[in-house]
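Chemist: Going down the list, the sequences are from chains A and B.
Using the working numbering, the letters of the first sequence map in sequence onto residues 23 to 384.
Using the working numbering, the letters of the second sequence map in sequence onto residues 23 to 384.
Number of protein chains: 2
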Amino acid sequence: MDETSKSKGFKTLLLATVSIFAIAGGQAQEEEPLVLKAQGSFFVGGHTIHTDAVTGTPGGLVGTGNGGSITVDQMYVQYQVPAGTSQHVPVVMLHGCCLTGKTYETTPDGRMGWGEYFVRNGWPVYIPDQVSRARSSFDATTINEVRVGTRPASSLPNIFTFSHELAWEAFRFGPTFGTAFGDEQFPVKAADEFGKQVVPDLNAILSPTANPTWTNLSALAIHLKGAVLMGHSESGFFPEQAALVSATDIRGAISLEPITCSSATPTPQDLPSLAKIPILVVFGDHLGDVPSFRDFWLPIFAACQQFVQQINNAGGDATMLHLPDAGLFGNSHMLMQDKNNLQVADLILAWIDKHVEGEARD
Amino acid sequence: MDETSKSKGFKTLLLATVSIFAIAGGQAQEEEPLVLKAQGSFFVGGHTIHTDAVTGTPGGLVGTGNGGSITVDQMYVQYQVPAGTSQHVPVVMLHGCCLTGKTYETTPDGRMGWGEYFVRNGWPVYIPDQVSRARSSFDATTINEVRVGTRPASSLPNIFTFSHELAWEAFRFGPTFGTAFGDEQFPVKAADEFGKQVVPDLNAILSPTANPTWTNLSALAIHLKGAVLMGHSESGFFPEQAALVSATDIRGAISLEPITCSSATPTPQDLPSLAKIPILVVFGDHLGDVPSFRDFWLPIFAACQQFVQQINNAGGDATMLHLPDAGLFGNSHMLMQDKNNLQVADLILAWIDKHVEGEARD
């Protein structure tokens, strides 16, 4: 390796090593061993299509041609089942925009995530990557067709993500980028670490009225013979959308700070259908305190309060958990990664116990 | 939801449910509980850049503009550390082209993967997604710039993947697509399931002579105060490349069917440097038996045999494990997912015991 590359490599190496140490320093937790009955990963859904653009070059990967069969619309799922005799309902934890299943894993500042916490408390946990995200793959056909020239640049999908600056304000780390709320629960010192888990979002290539993730969530609940579906933000209302594909085996729906509380294709049957399923909607704090996003969060919150009311009026069992009302202050949009994330988790587990499993939680 | 979407949703739901059952049927293994001292995930490397194209629309995500800071070159890592008193060296397991960390998880036909098997045998395991892949994110800037019109279509990265047809022959499931070798170890009945874990590969956006994954692997070994690095296929020689960034704390290098045994930027110091590290190169069976790929695999195998010889001539400790010579026949390119994958793993663990840890394995 030439000297310039070598010294560049060393410099990057030093930076990389330092960055891990900064996080590892917060990881010295003494925990009981985690005892699992089973773990693994599998896919839900997916089907084979023929594409003429397996790669971005006309000859394809080995020069013999660029056509072939690929799989699309599949959803990667990783799971852990705790050992022990408790018979808790499985919980499926789905991430939101521009993020991945990492959302529910170790927090940016090195603390336990909800995935492991729910398992330690006796609940089987299933963590997907949304269709067209991360380990669920995505269909690159159109991008490749544009590259080889068979489609115009205007055909490209709108691949979006959020910048560090936008995340700070949209997720309510503080009133403006770089300034945190006094009681802010998000570990803002690890905001850069959080930035590493942000990925491009290709949901724009999926149908907005028949997102394959909804169907896959429904199939997963049926496969598990009953599950609580949990969504967040972009996917906050996906549990309800999945229930509108089929309510079979959906034992509960949890919507964490959903960006909507309305179906993509509303019908009069929606409310009666959803009223059969226990529903929990969760919002954090400071909903109106970020000037650039008060007109985003406040209307959504109001719409979700109305949704909860409508479900209850229709004979259902819906609960709005606005964390400040429960005595938890300062929660951000990333409430599963906030410093008090395990306290928030306890509230959710208590709701599952009571509204889904019919138990009082000790 | 209108009737057409609803019936389409149900049909897709039935297909999705059936596909999970087909896999779950093979999962009824009775195993001892898996007892972990620790688990989690974190990132290695990554740095912040400014992009003018956070999304593919000029206004950006919320209409205020399309510029902002994003993180690139980070590497997602998921780990598990077994409980118990054994002090085995951590093993980092890196996937290849067009795949993800899923490579080392549950096999396509529902059996235990190497990740869990190594942990059950007492080794801490760290499974990354390569830089620019899956949960490690990728920089979509150029794609978005082409979409908004500030760059020509020719700027697009060459995003590649492999088709089902190509995989069958390249990975030596059989001599031609759809026909398996009589002793084929890859679970070909689950070939479609394998297709679900195939993802677009954006390595073309990374430097071919200074791939950030190499630096990140080196940083990870240093963070772990010593690790064995394992690569596969596209990343098969990445452990060696990482050692050429820095050999510090790289306790061993395992190259599984690497697509090259040469450094991207060869220098006379390479051999002396690499000769300090125990090296294992592993190849499966039928290397010359797929007509369309005999001129791919046989030269690579020969080059790697030569590499092993050169390392040993330089005073190193390199081993070529050609599985048929060890009495294991029929192994494909995906030897960690083959039906005899745990027997292959035992051979690798025995090598680590002897050549890295200086122990005879019972």
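Glycine is no exception: its CB is placed at the ideal position from the N, C-alpha and C atoms.
Note that the structure is predicted; figures quoted are calculated from it, not measured.
1. Could you check whether the Cβ of Gly197 of chain A sits closer than 8 Å to any Cβ belonging to chain B?
2. Kindly indicate which three-state DSSP category Gln331 of chain B falls into: helix, strand or coil?
3. Between the Cα of Ile71 of chain B and those of A:His186, A:Pro234, A:Ala202, spot the shortest distance and give me the residue it belongs to.
4. Less than 8 Å between C-beta atoms, sequence neighbours within five positions excluded: which residues of the same chain meet that for Gly337 of chain A?
5. Would you list the residues sitting across from Gly60 of chain A in a DSSP beta bridge?
6. Could one say the Cβ of Asn363 of chain A lies closer than 8 Å to chain B's Cβ atoms, at least one of them?
7. Interface residues of chain A around Phe208 of chain B at Cβ under 7 Å?
8. Below 8 Å, how does it come out for the segment 218-228 of chain B and the segment 78-89 of chain B: are there three or more Cβ pairs, yes or no?
9. The alpha helix (DSSP H) spanning Val366 of chain B covers which residue range?
10. Once DSSP output is grouped into helix, strand and coil, what is the label at His117 of chain B?
11. Distance check for Asp131 of chain B and Glu215 of chain B, CA to CA, integer angstroms please.
12. Provide the residue span of the alpha helix (DSSP H) that contains Phe260 of chain A, from first to last.
13. For Lys124 of chain A, is the classification buried or exposed, using 16 other Cβ atoms within 10 angstroms of its Cβ as the cut-off for buried?
14. Please confirm whether Leu239 of chain B and Val114 of chain B have their CB atoms less than 8 Å apart.
15. For Gly47 of chain A, count neighbouring C-beta atoms within 10 Å of its own C-beta (all shown protein chains included) and say buried if the count is 16 or more, exposed if not.
16. Which residues in chain B have a C-beta closer than 9 Å to the C-beta of Gln109 of chain A? List them in chain order.
17. Just to confirm the assignment: which complete alpha helix (DSSP H) runs, minimum length 4, are found wholly within the segment 107-191 of chain A?
18. Compute the Euclidean distance between the alpha carbons of Met23 of chain B and Gln331 of chain A, then round it to the nearest angstrom.
19. Could you confirm whether any beta carbon from chain B is found closer than 8 Å to the beta carbon of Ala269 of chain A?
20. For a contact defined as C-beta to C-beta under 7 Å, what are the partners of Asn166 of chain B on chain A?
21. Among B:Phe203, B:Ser285, B:Gly248, which residue has its Cα nearest to the Cα of Pro230 of chain B?
22. Quickly, what does DSSP pair Thr344 of chain B with across the bridge? List them, please.
23. Hey, quick one: how far does the beta strand (DSSP E) through Gly217 of chain B stretch, first residue to last?
24. So the beta strand (DSSP E) Ala249 of chain A belongs to, where does it begin and stop?
25. Within the same chain, show all residues whose beta-carbon is closer than 7 Å to that of Thr198 of chain B, passing over the 5 residues directly before and after it, in chain order.
26. Nearest by alpha-carbon distance to Pro146 of chain B: which of B:Leu357, B:Leu246, B:Asp271 is it?
27. Does the segment 277-296 of chain B come into contact with the segment 320-335 of chain B, if we say contact requires no fewer than three beta-carbon pairs (one atom in each stretch) closer than 8 Å?
28. Starting from the beta carbon of Gly90 of chain B, find every residue of chain A whose beta carbon is closer than 7 Å, and list them in chain order.
29. Is DSSP giving Ala243 of chain A helix, strand or coil here?
30. Shorter than 8 Å from the beta carbon of Ser240 of chain A to some beta carbon of chain B?
31. According to DSSP, simplified to helix, strand and coil, what is Ile322 of chain B?
32. Is the beta carbon of Asp151 of chain A closer than 8 Å to that of Val94 of chain A?
33. Using a Cβ-Cβ cutoff of less than 7 Å, which residues in the same chain neighbour Ala275 of chain B once the five nearest sequence positions on both sides are dropped?
34. Assign Gly294 of chain A to one of two classes, buried (16 or more other C-beta atoms within 10 Å of its C-beta) or exposed (fewer than that).
35. List, in order along the chain, the chain A residues whose C-beta lies closer than 9 Å to that of Leu345 of chain B?
36. Under a CB-based cut-off of 8 Å, is Val113 of chain B close to chain A?
Modeler: The structure says:
1. Indexing the first sequence from 1 puts residue 197 of chain A at position 175. Note on identity: in this sequence residue 197 of chain A is Pro, with Gly being the wrong assignment. No, because no Cβ of chain B sits closer than 8 Å to the Cβ of Pro197 of chain A.
2. For the purposes of this step, residue 331 of chain B is identified with residue 309 of the second sequence, where counting begins at 1. In the structure shown, Gln331 of chain B sits in a helix (DSSP, three-state: H, G or I).
3. On the second sequence, residue 71 of chain B is found 49 positions in, with the first residue counted as 1. When each option's Cα is compared against that of Ile71 of chain B, the closest is A:His186.
4. Counting from one through the first sequence, the residue named residue 337 of chain A turns up at place 315. Closer than 8 Å at Cβ, skipping near neighbours: Ala297.
5. If you number the first sequence from 1, residue 60 of chain A lands on position 38. The sequence shown places Ala at residue 60 of chain A, not Gly. Note: Ala60 of chain A sits in a beta bridge opposite A:Val103.
6. Position 341 of the first sequence, counted from the first residue, corresponds to residue 363 of chain A. No, no contact with chain B.
7. One-based indexing of the second sequence puts residue 208 of chain B at position 186. The premise fails here: Phe208 of chain B is roughly 17 Å from chain A at the closest Cβ pair, so nothing lies under 7 Å.
8. No contact exists between the segment 218-228 of chain B and the segment 78-89 of chain B.
9. As a first step, residue 366 of chain B is located in the second sequence; it is residue number 344 there, counting from the start. Unbroken alpha helix (DSSP H) run through Val366 of chain B: 363-373.
10. Position 95 of the second sequence, counted from the first residue, corresponds to residue 117 of chain B. His117 of chain B: coil per DSSP, three-state reduction.
11. The residue given as residue 215 of chain B occupies position 193 in the second sequence. The residue given as residue 131 of chain B occupies position 109 in the second sequence. Taking the straight line joining both Cα atoms gives about 8 Å.
12. Locating residue 260 of chain A in the first sequence gives position 238, counting from the first residue. DSSP places Phe260 of chain A inside the alpha helix (DSSP H), whose first and last residues are 260-267.
13. The residue given as residue 124 of chain A occupies position 102 in the first sequence. By the neighbour-count rule (16 or more Cβ atoms within 10 Å), Lys124 of chain A is buried.
14. Locating residue 239 of chain B in the second sequence gives position 217, counting from the first residue. Locating residue 114 of chain B in the second sequence gives position 92, counting from the first residue. Closer than 8 Å, so yes.
15. Locating residue 47 of chain A in the first sequence gives position 25, where the first residue counts as 1. Residue confidence for Gly47 of chain A is low, a pLDDT of 38 falling below 50, so the modelled location carries little weight and cannot support an answer.
16. Within the first sequence, the letter at position 87 stands for residue 109 of chain A. The contacting residues do not exist; Gln109 of chain A stays about 17 Å from chain B at best.
17. 136-142, 163-170
18. As a working mapping, residue 23 of chain B is identified with position 1 in the second sequence. As a working mapping, residue 331 of chain A is identified with position 309 in the first sequence. Per-residue confidence for Met23 of chain B stands at a pLDDT of 40, beneath the threshold of 50, marking its modelled position as unreliable; no derived number is given.
19. Position 247 of the first sequence holds residue 269 of chain A. No, because no Cβ of chain B sits closer than 8 Å to the Cβ of Ala269 of chain A.
20. Numbered from its first residue, the second sequence carries residue 166 of chain B at position 144. Going along chain A in sequence order, the residues near Asn166 of chain B (Cβ under 7 Å) are Ile181.
21. For the purposes of this step, residue 230 of chain B is identified with residue 208 of the second sequence, where counting begins at 1. When only C-alpha atoms are compared, the closest one is B:Ser285.
22. Here residue 344 of chain B refers to the residue found at position 322 when the second sequence is read from its first residue. Sequence inspection shows His at residue 344 of chain B; the Thr mentioned does not correspond to that position. The partner list for His344 of chain B (beta bridge, DSSP) reads B:Phe305.
23. Numbered from 1 along the second sequence, position 195 holds the residue referred to as residue 217 of chain B. That residue, Gly217 of chain B, is in no beta strand (DSSP E); its alpha helix (DSSP H) goes 213-217.
24. Looking up residue 249 of chain A in the first sequence gives position 227. Per DSSP, Ala249 of chain A belongs to the beta strand (DSSP E) from 249-254.
25. Translated into the one-based positions of the second sequence, residue 198 of chain B becomes position 176. So the qualifying residues of the chain are Glu191.
26. As a first step, residue 146 of chain B is located in the second sequence; it is residue number 124 there, counting from the start. Ranking the options by Cα distance to Pro146 of chain B, first place goes to B:Leu246.
27. Contact between the segment 277-296 of chain B and the segment 320-335 of chain B is present, because at least three Cβ pairs lie under 8 Å.
28. As a working mapping, residue 90 of chain B is identified with position 68 in the second sequence. Within chain A, the residues near Gly90 of chain B are Ser185, His186, Glu187, Leu188.
29. Stepping through the first sequence from its first residue, residue 243 of chain A is reached at position 221. Secondary structure of Ala243 of chain A (DSSP, three-state): helix.
30. Counting from 1 along the first sequence, the entry for residue 240 of chain A is found at position 218. Yes, contact with chain B.
31. Position 300 of the second sequence, counted from the start, is the residue given in the question as residue 322 of chain B. Note: Ile322 of chain B maps to helix in three-state DSSP.
32. Counting from one through the first sequence, the residue named residue 94 of chain A turns up at place 72. Counting from one through the first sequence, the residue named residue 151 of chain A turns up at place 129. It is not a contact, given that the beta carbons lie outside the stated cut-off.
33. Residue 275 of chain B sits at position 253 when you count from the first residue of the second sequence. Cβ neighbours of Ala275 of chain B beyond the five flanking positions: Leu251, Pro261, Glu262, Ala265, Ile299, Ile301.
34. Counted from its first residue, the first sequence places residue 294 of chain A at position 272. The identity of residue 294 of chain A in the sequence shown is Pro, whereas the question assumes Gly. So Pro294 of chain A counts as exposed.
35. By 1-based counting over the second sequence, the position of residue 345 of chain B is 323. Those do not exist, as Leu345 of chain B stays about 24 Å from chain A at its closest Cβ, beyond 9 Å.
36. Position 91 of the second sequence, counted from the start, is the residue given in the question as residue 113 of chain B. Val113 of chain B does not count as touching chain A.
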